[in-house]
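Below is one structure, written out as structure tokens; the observations come after it.
In this note's numbering, the protein residues as written are 8 to 212.
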């Protein structure tokens, strides 16, 4: 056993899957440079490069030490309860929905080995939903491709204006809608020159 064998094996740089020193040398040789600094001087415009000396960032640490340091920094954060949901609304989730949708990993496992995400399952669920709506209502087509309530409401406003023969520019929005939805509608209405009126639609004359 050599002394080098006792050195930390969990450092960040050795774990990085990237070009070796010989790979870098060959690439620089192909490009006609002797070093990375020489290539940077040639490629990066001088006016956007800093002339200040690099700050002293201290000695390097192992990956384990870095993770401990980050955990210490994160522990200083104060975590508060988030009340953006505007209150608790008790609902009953049918077992068939809970088991086959929420607890079924098919909807949120990776569709590629390198990119695990729920987006594809969400899109498939929307496709199934709009197909069901079309079947139940006898529609030739249904669209559920908008991924959030606010965007859907803003698009509904724009569509209503496009189909309205009088081309009225005033839209009544119920105050019972979620505040973030009203904000999205207002943001979309302003550049289009629409007037958004927040009031009870039943009382609008």
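Yeah, the Cβ is synthetic: ideal placement off N, Cα and C, and Gly gets one too.
- For residue 204, the uninterrupted beta strand (DSSP E) run begins and ends at 202-205, by DSSP.
- The beta carbon of residue 137 lies closer than 7 Å to those of 149, 150, 151 in the same chain, with the five residues before and after it left out.
- At least 8 Å separates the beta-carbon of residue 147 from that of residue 153.
- Taking the C-beta atoms as reference points, residue 156 is found no nearer than 8 Å to residue 180.
- Counting only runs that start and end inside the stretch 119-191, the alpha helix (DSSP H) elements of at least 4 residues fall at 126-144, 156-170.
- Excluding its 5 nearest sequence neighbours in each direction, residue 195 has C-beta neighbours in its own chain below 6 Å: 161, listed in chain order.
- Less than 8 Å divides the Cβ of residue 164 from the Cβ of residue 192.
- Per DSSP, residue 31 is one residue of the alpha helix (DSSP H) stretching across 28-38.
- Look at residue 50 here: in three-state DSSP terms it is helix.
- Residue 194 sits in a helix when the DSSP states are folded into three classes.
- In the displayed model, residue 101 falls within coil according to three-state DSSP, outside both helix and strand.
- In the DSSP assignment, residue 110 falls outside any alpha helix (DSSP H) and carries neither an H nor an E.
- A Cβ-Cβ distance of about 14 Å is found for the pair residue 167 and residue 204, leaving them out of contact under the 8 Å criterion.
- Residue 79 and residue 64 have their C-alpha atoms some 18 Å from each other.
- Using a Cβ distance threshold of 8 Å, residue 35 and residue 42 count as a contacting pair.
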